[in-house]
Amino acid sequence: MNQMRIRATIGALLAGNLLACAFAPSAFASSHREAPFITRNPKIDATDFYMFRSYQAGRSDFTTLIANYVPLQDAYGGPNYFMMDPDALYEIHVDNNGDAKEDITFQFRFKNTNKDTQLTVGGKKVSIPLVINGGPIADTNAAGANVRETFTVTVVRGDRRTGTRAMVVNADSGHSAFDKPLDNIGNKSIPNYDAYAAKHLYNITVPGCSAPGKLFVGQRKDPFVVNLGETFDLINIKAPAVEFSANAEKGAKDDLADKNVTTLSMEVPTACLVSATAGDPVIGGWTTASLRQGRLINPTPKSDADVSKEGGAWVQVSRLGMPLVNEVVIGLKDKDRFNHSKPSADGQFADYVTNPTLPALVEILYGSAGAKAPTNFPRNDLVAAFLTGIKGVNQPKTVTASEMLRLNTSIAPTAAGMQKRLGVIEGDNAGFPNGRRPGDDVVDVALRVVMGKLCTLNIGCAPADAPAGALRFTDGAYLDETMVNTSFPYLKSPIPGSPQK
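For the sequence shown, the residue numbers in mature numbering (1 follows the signal peptide of the UniProt record, and there is no 0) are -29 to -1, 1 to 472.
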């Protein structure tokens, strides 16, 4: 298959992906439980990936990278809550020359230490069953915490496994190990969670970067919004093309409203991410998680650290760039295969792209209401939006068609309070699909683009190719910038497991 055909087919794939989102907003849980194997390993399940020019006042020279993991966290999920997997490798990759291969990778490794707090009961010392030992928590590695979770970050330049490696360090202390805050157990255990979490926001020195960045890893309120239940019930929602009104975009429930996630957040000098050699301001990004190839289960473990032995090469088992690709485009039999793959090999999924099924499904369900699928094949409009970038917006000077988030770092960030939640299609070129901000409503964007919005702008197709291209599709689960914060790490504090004091 030649490169042109690969691009076209993968474009169709993303088209389908978008379509899926469009009328299957549940799929827009972005990447929650999207593949069979990942449902068995929630600690390494990436839920959302964001990449954008920082819009915090005074930080416009920085780019923020956010990779969220561990979906559908119930705030009351004790006694273990949602620590990260110490046997996993979490990574954020950046491609800065358009060849669909990582040029910079940030690797996160975690370590959990059980302090084994004990109480004397009837003359015997007995280990307590909780992650806190009775006292309120306010400081990093507080005495009242029975578990300490730490992590390190390594920057790799070149291939993720064979490139040049260096440790990211705390710019204030010089240490390479960082503390991760406990999850938001409740207001009695952690009376002021915002202040406590803020003590885990670090200034960092990234080798090869001329200015310090910022780092935060910890639990946050899930910023994604989606109407999951009704969508999975044969898209049991009102027909967006017919029922649109001033309130339609806020007419459905957000099934993630009471869920938390764990975020890996970095703010890095933009000049450190772009390639001076390529001379191109456009970068691509995605996140992955990997496990060791071999695992032996210990039948008689002596501690929680002795339950299994991991060994062998790292094997990638989770992947996320653009939202919802694996959920609604890739066939069930290949979802784990996609999670194991790299962007440079995306041509293997071309069959899912050339003839996407979702647009046809939407037309079957809602065609009588005006939701007619676009007729242009291959869907070059979607190729531009999701596989190569849009020319003049976020397309690299040279590009290999592949699935990843792309950001033109030369486009100034839109200040807080001025952002358009629909990004590029609403005239805000600093928003999705030029990167992705936490307040971008990618579901509504995808709905409209999948149904041909770009055709109405003569991007990759003509208005006549999209009978429903001008309709204002929505899933009814509303998102905008007011639902997140205006400063790093941008995502709001997690919902407490117990709000009572």
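Backbone N, C-alpha and C fix where the C-beta goes; we use that ideal spot for every residue, glycine too.
Item                                                                                                                         : Value
Neighbourhood of residue 458 by C-beta distance below 6 Å, restricted to the same chain and skipping five residues each side : 27
Per DSSP, the bridge partner or partners of residue 64                                                                       : 76, 257
8 Å Cβ cutoff met for residue 15 and residue 40                                                                              : yes
Same chain, Cβ closer than 6 Å to residue 70, neighbours up to 5 away in sequence not counted                                : 371
Segment contact, 8 Å Cβ cut-off, at least three pairs: the stretch 405 to 425 with the stretch 331 to 347                    : yes
CB contact flag (residue 382, residue 430, <8 Å)                                                                             : no
Whole-number beta carbon distance between residue 75 and residue 244, since they are thought to touch under 8 Å              : 7 Å
Alpha helix (DSSP H) segment containing residue 10, residue limits                                                           : 7 to 10
Top-ranked residue by Cα proximity to residue 232, from 192, 260, 224                                                        : 192
Host beta strand (DSSP E) of residue 175 (start-end)                                                                         : 173 to 176
Backbone CA spacing between residue -3 and residue 406 [nearest angstrom]                                                    : Residue confidence for residue -3 is low, a pLDDT of 37 falling below 50, so the modelled location carries little weight; the figure read from the coordinates is stated next. About 20 Å.
The stretch 402 to 418 in contact with the stretch 95 to 108 per 3-pair CB rule at 8 Å                                       : no
As assigned by DSSP and simplified to three states, the class of residue 98                                                  : strand
Residue from 449, 252, 317, 142 whose Cα sits closest to the Cα of residue 178                                               : 142
Integer Cβ distance of residue 447 from residue 198, believed to fall under 8 Å                                              : 6 Å
Among 9, 334, 101, 182, nearest to residue 140 - alpha-carbon criterion                                                      : 182
Buried versus exposed call for residue 378 [16 or more other C-beta atoms within 10 Å across all chains shown]               : buried
Residue 126: first and last residue of the uninterrupted alpha helix (DSSP H) it sits in                                     : Premise fails: residue 126 lies in the beta strand (DSSP E), 118 to 128, not in any alpha helix (DSSP H).
Nearest candidate by alpha-carbon position, reference residue 433, set 385, 409, 353                                         : 353
Meets three-Cβ-pair contact criterion under 8 Å: the stretch 125 to 135 and the stretch 155 to 171                           : no
Identified DSSP bridge partners for residue 289                                                                              : 260
Residue closest to residue 315, alpha-carbon to alpha-carbon, out of 43, 68, 59                                              : 68
Nearest candidate by alpha-carbon position, reference residue 58, set 358, 264, 292, 329                                     : 264
Spatial neighbours of residue 225 in its chain, beta-carbon cut-off 6 Å, leaving aside the 5 residues before and after       : 196, 448
Per DSSP, the bridge partner or partners of residue 22                                                                       : 36, 407
Three-state class that DSSP yields for residue 319 in the structure shown                                                    : helix
Host alpha helix (DSSP H) of residue 330 (start-end)                                                                         : 329 to 337
Residue 219 versus residue 293: straight-line alpha-carbon distance, rounded                                                 : 25 Å
8 Å Cβ shell around residue 66 - same chain, five flanking residues per side excluded                                        : 72, 73, 74, 254, 255, 256, 314, 375
Delimiting residues of the beta strand (DSSP E) encompassing residue 415                                                     : Here residue 415 belongs to no beta strand (DSSP E); instead the alpha helix (DSSP H) covers 413 to 421.
Start and end residues, beta strand (DSSP E) containing residue 149                                                          : 149 to 151
Per-residue DSSP class, three states only, for residue 113                                                                   : coil
Where the beta strand (DSSP E) through residue 137 begins and ends                                                           : 135 to 138
Straight-line gap, residue 310 to residue 96 (C-alpha atoms, nearest Å)                                                      : 46 Å
Any non-hydrogen atom of the ligand NAP within 7 Å of residue 440 CB                                                         : Here there are no bound small molecules, and the ligand NAP is not part of this structure.
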